[in-house]
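S.K.: Residue numbers (this note's numbering): 2 to 435. The structure is given below, and queries will be raised subsequently.
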Ligand SMILES: [Zn+2]
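Shown next as structure tokens:
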């Protein structure tokens, strides 16, 4: 396959841009990048005409819970949403069917918006893996471990057993990276956090966790250990390069030093953090320290949308606002976090995150014909400030075209929407009973 007539934002270390570029794919790998001279070099390749669109590496959503599309738009503005709505609803409703359909719906939404890789933490993660395969995305999927009885566990910490089975089942799959996902430090005791890390080590998989997201979390570790959550996790030995921490809002300079030294991946989820009125993580500092920093949407009950375009705009604007400086976080840095940064956070940067020979063909064409896309003086600015998810026209994952002419090829969206209505009815009647 050969993509022509595109502006290639390579996101390589020079951030090279190739106008009127050509990218050649053999099977699942990028094998050549250049200009129109490549057309005669590969005469037999199937041609995709990018129609002057912008070709970018697939976006990485570094933190979500995609099955929670089932609960989207419910209780958005209430206080104590988590304990009042979410935990009771999950207890009542979360089963294999909800996770299967909810995740498929969310993954379709991600595919249509140009997300080619996502990291997910939830229950019944095996269902999420099956949905991911059906739609054709790349998923880093972590089964949740908590210290209470969970929707898919009869006793506390049973998620650890599920993880063992789940990792063994999916370990060799080319698109699924099964992972261990202790929910947060405050929902796992020290012993089980260490067990979770040991499991990740023994299976050679990532470990995903919410870290330093809540004020009560910081207060707990300060009171009990006189440490921040990051310092506590470091002290018990669970921070290393396989850890991907979501949020990391409440971190001080010493915490940032630890995160750098231990090569911890970070998902910055500004949309969800802003909506939850949590706080603003020091992402600009993190970026300048060259931490492994990507962008995430968080679950659709927290962040509502699953696309990275929304996050890019918010990251730029909120950090400029809180730092009172419109010059910080240039648009190319934001696009870098949304692609290569997310790949680094998930330890996948040797495979994905930039358009370079030898990397996997995870590619997105953002069309430039729509009214909101013109004029274009700076390609990065257009992606961060002008574009939205509906401008994504073509999505390729692992060399396979998933979205073409803005239509999903791997799922019948109308059937899925119909099936999803049953879930909505279940959620509605349960929510009324709360
Ligand atoms: Zn989350």
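All C-beta atoms in this analysis are idealised placements derived from N, C-alpha and C, irrespective of residue type, glycine included.
Does DSSP put residue 249 in a helix, in a strand, or in coil?
M.R.: coil
S.K.: Assuming residue 157 and residue 148 form a contact by the criterion Cβ under 8 Å, report the distance between their Cβ atoms to the nearest whole angstrom.
M.R.: 5 Å
S.K.: Mind checking residue 51: buried by the 16 CB within 10 Å criterion, or exposed?
M.R.: Note on residue 51: 16 or more other CB atoms within 10 angstroms of its CB, so buried under the neighbour-count rule.
S.K.: Alpha carbon to alpha carbon, what distance is there between residue 214 and residue 272?
M.R.: 13 Å
S.K.: How would you label residue 345, buried or exposed, when you count the other beta carbons within 10 angstroms and need 16 or more for buried?
M.R.: With 16 or more Cβ atoms within 10 Å of its Cβ, residue 345 is classed as buried.
S.K.: Cβ atoms of residue 288 and residue 296: under 8 Å apart, would you say?
M.R.: no
S.K.: With a threshold of 16 other CB atoms inside 10 Å of the CB of residue 171, please say whether the residue is buried or exposed.
M.R.: buried
S.K.: Run the proximity test for residue 246: is its beta-carbon closer than 7 Å to any non-hydrogen atom belonging to ligand 1?
M.R.: no
S.K.: Quick one: using the 10 Å Cβ neighbour count with 16 as the cut-off for buried, is residue 397 buried or exposed?
M.R.: buried
S.K.: Pull the bridge partners of residue 62 from the DSSP assignment, please.
M.R.: 119
S.K.: Closest to residue 428 by C-alpha separation, out of 412, 64, 96, 189, would be which residue?
M.R.: 96
S.K.: Within the chosen definition, does the segment 257–273 reach the segment 81–101 through at least 3 CB pairs nearer than 8 Å?
M.R.: Segment contact: the segment 257–273 against the segment 81–101, fewer than three CB-CB distances shorter than 8 Å; contact not assigned.
S.K.: Is the CB-CB distance between residue 130 and residue 63 below 8 Å?
M.R.: No; because the gap between Cβ atoms is not below 8 Å, this pair is not in contact.
S.K.: Would you tell me roughly how many angstroms separate the C-alpha atoms of residue 419 and residue 433, rounded to the nearest one?
M.R.: 22 Å
S.K.: Please report how far the alpha carbon of residue 165 lies from the alpha carbon of residue 23, in whole angstroms.
M.R.: 43 Å
S.K.: What residues are listed by DSSP as bridge partners for residue 269?
M.R.: 296
S.K.: Have a look at the DSSP bridge pairing and note the partners of residue 145.
M.R.: 182
S.K.: Report yes if the C-beta of residue 103 is less than 7 Å from at least one heavy atom of ligand 1; otherwise report no.
M.R.: no
S.K.: Roughly how many whole angstroms lie between the Cα atoms of residue 400 and residue 36?
M.R.: Rounded to the nearest angstrom, the two C-alpha atoms are 20 Å apart.
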